[in-house]
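What follows is one structure encoded as structure tokens, with my remarks underneath.
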Amino acid sequence: MSRTFVFFCLGLWRLVGVETDEMKSTEVMEGDSVTLHTDVTQIHSDDLILWTFGSKATHIARINRAREIFNNSANGRFRDRLQLDNQTGSLTITNTSTGHSGPYEVEIVTGNKISVKTFRVTVYASLSIPDITSYSPSNPSSSETPPSSRCVLLCSVMNVTRVTLSWYRGSELLSSISIPELNTTISLHLELEHEDNNTYSCVLNNPISHQARHLNISEFCHTTSCINYAHSFTEAVIRLVISVLVGVATIAVLVYDIRSRRV
68 MSRTFVFFCL GLWRLVGVET DEMKSTEVME GDSVTLHTDV TQIHSDDLIL WTFGSKATHI
128 ARINRAREIF NNSANGRFRD RLQLDNQTGS LTITNTSTGH SGPYEVEIVT GNKISVKTFR
188 VTVYASLSIP DITSYSPSNP SSSETPPSSR CVLLCSVMNV TRVTLSWYRG SELLSSISIP
248 ELNTTISLHL ELEHEDNNTY SCVLNNPISH QARHLNISEF CHTTSCINYA HSFTEAVIRL
308 VISVLVGVAT IAVLVYDIRS RRV
């Protein structure tokens, strides 16, 4: 590249003048629409507005005497989802998906002035309600507490990205685990005493939404001692009834025998 050409480019940039704004961040849920504003009140016929997406600055829309949307750009992920405002050049993405997350840039050329605006869009997937299951631990965490008096619960959720899974007792955070970009299955355990009467909930959340599963302890944790007591009580009642019946039968036989001898 010649030195003359370099000085020509530097002089052209200084002549034109480029204004770059600070990047704006936007977060939406999957399926929602998001509008990226140019902050232009009225575009003219000789203005140029060019929208790009991603680190490779793929062209997705342009206004330059004509309104153009490149549906096949970025592997077709924006097909039938882009809308251009003819008055301002603002771009709307409809029915968003997680694949629309990323950097966006708009270059606005008006006469000898160029302005560049950048955006960071994050689309979060819809959250499902966590699932709670119970299981018996093979290795008790405390030798002082017998396994029969404890209840271990597992809260799980499948195929999630950029979320946090937490256990709460009332409004008190007990434990949590966060997952970044990786799409995976996560789980978090909670250990309780059978006699625990507190309110617990497992919460799945991202920065703009959450789902919670409230815990009904009696549904998952059955008190072994109560079960044994109920079983023993039932067995004792049955034995008592049998003993009474046997005693009544014995007395009846004796009375019958005595009356037979008198006759």
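Residue numbers (the working numbering): 68 to 330.
Heads up, the beta-carbon is just placed ideally off N, CA and C, and yes, glycines get one too.
None of the values given here were measured: they were computed from a predicted structure.
It is roughly 13 Å from the alpha-carbon of Leu259 to the alpha-carbon of Thr200. Counting every other CB atom within 10 Å of its CB across the protein chains shown gives Ala141 a total of 16 or more, marking it as buried. Residue environment for Lys123: exposed (fewer than 16 other C-beta atoms within 10 angstroms of its C-beta). A check of alpha carbon separations from Pro247 across Ala192, Ala128, Thr105 and His126 identifies Ala192 as the nearest.
Boundaries of the beta strand (DSSP E) around Phe186: Lys180 to Tyr191. Annotated three-state conformation of Phe287 is helix, per DSSP. In the three-state reduction of the DSSP assignment, Ser122 falls in the coil class, being assigned neither a helical nor a strand state.
Ile244 and Cys222 have their C-alpha atoms spaced approximately 11 Å apart. Here the region 253-273 lies against the region 228-237, with 3 or more beta-carbon pairs under 8 Å apart. For Ser223, the secondary structure class from DSSP, reduced to helix, strand or coil, is strand. Distances from the CA of Pro197 to each of Gly98, Val101, Arg280 and Asn226 were compared; the closest alpha carbon is that of Arg280.
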